[in-house]
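Below you'll find the structure, written out as structure tokens, and then a few comments.
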Amino acid sequence: MPPGRRAASTFAEEVKNGPGLADFIRSSSAAPSSASSSATTTAADVELDLPSSFPRHLLDQSENTPKRKVFMETYGCQMNSSDSEIVMSIMQKAGYEETAALDDADIIFVNTCAIRDNAERKVWDRLNHFKNMKRANKQSKRVVGVLGCMAERLKSRLLESDKLVDLVVGPDAYRSLPSLLTEVESGQTAMNVQLSMEETYADIRPVRTTSNNLSAYLSIMRGCNNMCSYCIVPFTRGRERSRPIASILDEVRQLSDQGVKEVVLLGQNVNSYNDLSEQTFPVSDPTQLLSKGFGSMVKPNPGGVRFTQLMDQVSRIDPEMRVRFTSPHPKDFPDDLLHLIAERPNLCNAVHIPAQSGNSEVLHNMRRFYTREAYLELIQRMREVIPNVGLSSDFISGFCGETEEHHQDTLSLLREVRFDQAFMFAYSMREKTNAHRTLQDNVPEEVKQQRLKEVIQTFFATLAEKSREEIGRRHLVLVEGTSRRSSDDLMGRTDNNKKVVFPNMKVDAEYGGATTGGAAAKVEVRPGDYVVVEVESTTGITLLGRPLARTTLSRFAQQGAVASC
């Protein structure tokens with residue numbers, strides 16, 4: 001055998017017969033005697049010769065070892081709430097446990113929002129409070145960490161300038177939390193705010209923190225490509241990337257098996273979902289993927305699984321589980337999505353469709369890529385296709401260059417559309433955004449606040465009118481629990497996301513349409529039940545009604561949804 005080949009053969013044999021697990025065990029009462037026994041040996045069974053810097057909390061802990069406790073505060077959108085659930089899943093797998101008591105916490109995480117100045121001010125106040133807590137108890141080794149969008153935006157200030165926290169971790173780096181905490185425990189500060197082109201946490205099952213266990217958030221995509229001029233999200237959350245559809249469907253099935261009655265699909269731009277890991281036939285004209293009359297910062301990808309296909313598959317898993325989604329962009333509502341929502345009873349006919357302004361010039365400066373006219377045409381098309389659709393929206397008052405005439409256009413849009421829900425804010429300039437670089441924040445603060453006040457007043461005036469029109473109608477309500485206004489009342493939400501309060505009383509065991517209310521068998525109403533409620537009055541915001549019968553989502557859809565007596 002040639003020398004070179006002999007040397008390679010000798011090396012291969014040495015590797016084959018090299019050290020095993022037993023060679024790294026310093027002391028053990030019983031070393032593994034076979035491959036099968038070594039496979040079941042855990043880190044808790046042996047003493048490993050590991051460097052002192054190794055994160056010991058990642059090893060299996062004995063039952064007698066007290067777990068370090070994590071307290072979580074969450075600010076901002078539903079996506080942050082979902083992220084907090086993902087963080088707690090990561091921490092629990094690393095040997096930590098969650099606590100609802102701040103005083104018991106070894107670690108405090110603040111999951112932050114950077115979209116508006118007011119949200120950031122609240123976080124700064126809390127961080128100063130936590131800093132004072134640590135000063136008051138110098139023996140405490142409590143760790144304070146900032147997560148989320150402020151972590152990426154203000155990383156240097158948080159750690160180096162103001163020195164309010166020990167740990168800063170961005171939205172795409174939560175997997176690194178256990179190892180970063182090890183650095184902090186050794187006396188260092190730690191940071192990871194790197195954005196990812198791939199991270200979706202698809203393999204992590206969140207620790208659900210909702211109080212009633214009836215509804216669950218499910219993240220399906222992350223990031224945003226729209227680059228609206230006022231928005232910081234693309235800079236704090238990165239570019240769009242979508243979870244593989246298989247992992248989403250698996251999680252929906254799991255939630256259904258657990259008895260969850262409503263799942264909310266989440267994303268910064270949720271209806272631009274596009275799973276490129278799946279092969280599909282590409283559309284010949286990518287513009288068909290957009291709402292009519294709408295443009296896009298990025299050319300739509302013609303291939304992959306789109307949002308409509310995802311909704312189709314999700315809705316088939318459990319016909320008795322409602323499906324909602326947020327937050328969408330108006331450009332991503334092709335007709336096939338509207339028709340699917342109309343056809344499937346468990347796809348809620350509540351659509352969030354952020355307008356931001358009612359003036360085309362302001363929309364252009366915001367880089368929204370649609371006009372007032374295109375937006376109103378989309379609203380009309382939604383109402384034609386989806387019966388009794390509930391519409392919600394976002395509005396910004398006092399954006400750069402907004403005039404009184406522009407503002408009046410927004411008020412007229414509110415009166416014309418008559419939204420069921422609205423989120424309204426005064427504009428606050430965000431660093432790094434296109435508006436920060438190219439526009440002037442030239443609307444005085446007092447004018448912003450006055451215009452915001454008028455927007456809010458106009459919205460609630462139109463909402464009161466719409467609410468009165470609901471009197472006499474029957475809605476299917478998913479019961480969520482006891483009403484805050486009275487322990488004798490229950491509350492829930494309709495398909496189109498209207499809040500309904502009604503007396504806690506026995507109802508018919510089955511819904512019989514016009515014949516309901518006779519001598520039929522009566523049953524108690526419990527959270528998680530679907531109940532038909534007839535609206536009798538309104539506060540202007542909340543509907544007040546009389547419960548008639550328990551039913552199912554499918555049966556109610558067959559008998560005719562909203563009906564008048």
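According to the UniProt record's numbering, the sequence shown holds residues 1 to 565 in order. Just so it is clear, CB atoms sit at the ideal spot from N, CA and C, and this is done for glycine as well. Since this is a predicted model, take the numbers as computed values, not measurements.
Counting only runs that start and end within the stretch 425 to 492, where is the alpha helix (DSSP H) found for 4 or more residues in a row?
DSSP runs (the alpha helix (DSSP H)) wholly in the stretch 425 to 492: 434 to 438, 445 to 469.
Could you tell me which of Phe502, Val123, Ser397 sits nearest to Thr482, measuring between CA atoms?
Looking only at Phe502, Val123, Ser397, the smallest Cα-Cα distance to Thr482 is reached by Phe502.
What separation, rounded to the nearest whole angstrom, lies between the Cα atoms of Tyr96 and Leu411?
For the pair Tyr96 and Leu411, the Cα-to-Cα distance works out to about 50 Å.
Applying the criterion that 16 or more other CB atoms from any shown protein chain within 10 Å of the CB defines a buried residue, is Ser554 buried or exposed?
It counts as exposed.
Alpha-carbon to alpha-carbon, Leu218 and Ser537:
The alpha-carbon atoms of Ser537 and Leu218 are separated by roughly 34 Å.
When you compare only the Cα positions, how much space is there between Gln105 and Asp257?
Rather than Gln, the amino acid found at residue 105 in this sequence is Ala. CA-CA distance, Ala105 to Asp257, rounds to 33 Å.
Can Thr112 and Val146 be called in contact, C-beta distance under 8 Å?
Here Thr112 is near Val146, since their CB atoms are less than 8 Å apart.
Ordered list of beta strand (DSSP E) runs contained in the UniProt domain "MTTase N-terminal" (68 to 186), each at least 3 residues:
Look at the UniProt domain "MTTase N-terminal" (68 to 186) and you find these whole runs of beta strand (DSSP E), each 3 residues long or longer: 69 to 74, 107 to 112, 143 to 148, 167 to 169.
Using only the alpha-carbon positions, how far apart do Trp124 and Leu158 sit?
Cα-Cα distance, rounded: 10 Å.
Quick check on Tyr375: does DSSP put it in helix, strand or coil?
DSSP places Tyr375 in helix when its eight states are reduced to three.
Kindly list the residues whose CB is nearer than 8 Å to the CB of Arg526, restricted to its own chain and excluding five residues on each side of it in sequence; keep chain order.
Counting only Cβ-Cβ distances below 8 Å, and skipping sequence neighbours, we find Val479.
Taking Cβ positions, are Val507 and Leu544 nearer each other than 8 Å?
In this structure, Leu544 does not lie closer than 8 Å to Val507 by Cβ.
Under 7 Å Cβ to Cβ from Thr552, same chain only, skipping five residues before and after it: list those, please.
Answer for Thr552: Glu320, Tyr530, listed in chain order.
Does Leu127 get closer than 8 Å to chain C when you measure Cβ to Cβ?
Within the model displayed, chain C is absent; a lone protein chain is all it includes.
Can you tell which of Asn365, Ala355, Gln558, Met382 has its C-alpha closest to the C-alpha of Arg372?
When only C-alpha atoms are compared, the closest one is Ala355.
Buried or exposed for Arg437, please, with buried defined as at least 16 other CB atoms from any protein chain shown within 10 angstroms of its CB.
Arg437 sits exposed, since fewer than 16 C-beta atoms from the chains shown fall within 10 Å of its C-beta.
Burial state of Glu198 (16 or more Cβ within 10 Å):
Glu198 comes out exposed.
Thinking just about the alpha-carbon of each residue, which of Val389, Lys163, Asp103 is nearest to the one in Asn137?
Answer by Cα proximity: Asp103.
Please classify Phe556 as buried or exposed, where buried requires at least 16 other C-beta atoms within 10 Å of its C-beta.
Classification of Phe556: buried, given that the 10 Å Cβ count is 16 or more.
DSSP state of Phe395, grouped into three classes?
Three-state DSSP puts Phe395 in a strand.
From the DSSP output, in three-state form, read off Glu534 for me.
Three-state DSSP puts Glu534 in a strand.
Starting from Met311, trace the alpha helix (DSSP H) in both directions and tell me its first and last residue.
DSSP places Met311 in the uninterrupted alpha helix (DSSP H) bounded by 307 to 317.
Who pairs with Leu218 in a beta bridge, going by DSSP?
For Leu218, which the question treats as bridged, DSSP gives the partners Leu265.
So, helix, strand or coil for Arg26, using DSSP?
Low local confidence applies: a pLDDT of 38 at Arg26 is under 50, so the model's placement there is unreliable, with the coordinate-based value given in what follows. If DSSP states are grouped into helix, strand and coil, Arg26 belongs with the strands.
Counting C-beta neighbours from all protein chains within 10 Å, is the total for Gln558 16 or more, i.e. buried, or is it exposed?
With fewer than 16 neighbouring CB atoms inside 10 Å of its own CB, Gln558 falls in the exposed class.
Count the other CB atoms within 10 Å of the CB of Phe423; is the residue buried (16 or more) or exposed (fewer)?
That one is exposed.
For Lys432, count neighbouring C-beta atoms within 10 Å of its own C-beta (all shown protein chains included) and say buried if the count is 16 or more, exposed if not.
Lys432 should be labelled exposed.
Look up His406 in the DSSP assignment and say whether it is helix, strand or coil.
In this structure, His406 counts as helix in the three-state DSSP scheme.
Which class does Leu289 belong to by DSSP, given the choice of helix, strand or coil?
The three-state reading of DSSP puts Leu289 in helix, counting H, G and I together.
Taking Asp166 as the reference, give the member of Arg175, Leu180, Tyr174 with the closest Cα.
Nearest C-alpha to Asp166: Leu180.
So within the stretch 318 to 343, which uninterrupted beta strand (DSSP E) runs reach at least 3 residues, ignoring any that extend past its ends?
Fully enclosed beta strand (DSSP E) runs of 3 or longer: 322 to 326.
With H, G and I counted as helix, E and B as strand and the rest as coil, what does DSSP make of Phe235?
Note: Phe235 maps to helix in three-state DSSP.
Does the structure place the stretch 361 to 379 close enough to the stretch 308 to 322 that three or more beta carbon pairs sit under 8 Å?
With the cut-off at 8 Å, the stretch 308 to 322 and the stretch 361 to 379 do not touch.
So, with DSSP's three-state summary, where would you put Phe369?
Here Phe369 sits in coil by DSSP.
What residue range does the beta strand (DSSP E) around Leu543 cover?
First-last of the beta strand (DSSP E) with Leu543: 543 to 551.
Simplified DSSP assignment, three categories, for Val507
Assigned with DSSP and collapsed to three states, Val507 falls in strand.
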